[in-house]
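**Student:**
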Amino acid sequence: QDARATPQATRKDRTRIKELERELLRGFSGK
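Numbering of the sequence shown is given in the numbering used here, commencing with residue 3 and proceeding in unit increments.
Structural data, given as structure tokens:
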């Protein structure tokens, strides 16, 4: 719960989501 409230964790999660989205878009483009 504490980690969730931490702004740093949110920033890291946001970056991770962005990376995952990029990977998904790349995969679709490849196909």
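Cβ coordinates follow ideal geometry from the N, Cα and C atoms, glycine included.
Which first and last residues belong to the alpha helix (DSSP H) in which T17 is found?
**Tutor:** Residues P9 to G32.
**Student:** Rounded to whole angstroms, what's the CA-CA distance from G29 to K14? Just pull it up for me.
**Tutor:** Computed Cα separation, rounded: 23 Å.
**Student:** Would you kindly work out how many angstroms separate the C-alpha atoms of R16 and L27, rounded to a whole number?
**Tutor:** So the two alpha carbons sit approximately 17 Å from each other.
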